[in-house]
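Participant: Note that our numbering has the sequence shown beginning at -9, numbered continuously upward. This is the structure I have questions about; it appears just below.
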Amino acid sequence: MPDGAVPVMYFVDLDGTLLSTSSERYFLKHLLRKGILSPAAFFRFLFFYILHPGKTVREGKGWNRNYLTGIPPEVIEREAAICSGILLKSSLRNWTLQSIRELQNTLCETVLLSASLDCIATGIAEDIPIDHIRASSPAVVNGRYTGRLTGLRPWGRNKAELMQKICDQRGIKPVNCAAAGDSWADRYVMNECGCSIAVCPDRKLRKLASDRKWRIVEGRHTRWA
């Protein structure tokens, strides 16, 4: 925090901020390699982007979870656990991990706030001192995923709305919180918090961070695709 105080909550993004890669992209490749996701299903997933270009602009590239359609949750949860273990060993950003650990024995609560799948976020958080997780929750009908999500997908303005709800539930103000993000879409959360850190940011977030005099952690920016 600017005055040296410990934040009451620390909101951390996953892909690009805590991880140096895209968990979604890695998971897609994993499902293809294992034969769980067929080439036909993968091309159908890509075709959804062609059909809905406006939605991609409004909601970011990760809105499309069509690749999950028809797969039982237990299969995805099993493979997500495998991927999370690999990502924990190979793709953690040391600065972000250390910032979380430094707050572990304080009154600050750490929230992983990510548009990534909740099963991946949960797997990542198992070995890291994360207190709460808000991530994308896939819808299930008749024991199989539908390709849609339930509730708000934590991205852009939705992420800021979820952050505000968490703060309201605890009777705290975002200005007394900290946030770490890597992309332009994270600005909605970062603008509200009293302390924001741009971790290996994209070009637009870097400029905003420089203008606002936020801390910038240097490194290669992570792209979704």
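We treat Cβ as the ideally placed atom computed from N, Cα and C, and that holds for glycine. None of these values were measured; they are calculated from a predicted model.
1) Among Ile26, Ile123, Leu87, whose alpha-carbon lies nearest the alpha-carbon of Leu9?
2) Leu4 and Ser13: beta carbons closer than 8 Å?
3) In whole angstroms, what is the alpha-carbon distance linking Glu116 and Ile206?
4) What residue range is occupied by the uninterrupted beta strand (DSSP E) comprising Ser106?
5) Do the segment 96 to 107 and the segment 141 to 158 touch if we need at least three Cβ pairs shorter than 8 Å?
6) Starting from Arg124, follow the alpha helix (DSSP H) in both directions and report where the run begins and ends.
7) Do Val(-2) and Asn166 have their C-beta atoms closer together than 8 Å?
8) What does the Cβ neighbour count give for Ile120, buried or exposed, with the cut at 16 atoms within 10 Å?
9) Tell me which same chain residues have a C-beta within less than 7 Å of the C-beta of Gln94, skipping the five on either side of it?
10) Quick one: is Gly52 buried, meaning 16 or more other Cβ sit within 10 Å of its Cβ, or exposed?
11) Look up Asp158 in the DSSP assignment and say whether it is helix, strand or coil.
12) With respect to the alpha helix (DSSP H) encompassing Thr86, which residues constitute its N-terminal and C-terminal limits?
Facilitator: On the basis of the coordinates in this document:
1) Leu87
2) yes
3) 27 Å
4) 99 to 107
5) yes
6) First-last for Arg124: 122 to 131, but that is the beta strand (DSSP E), not the alpha helix (DSSP H).
7) yes
8) buried
9) Pro119
10) buried
11) helix
12) 84 to 92
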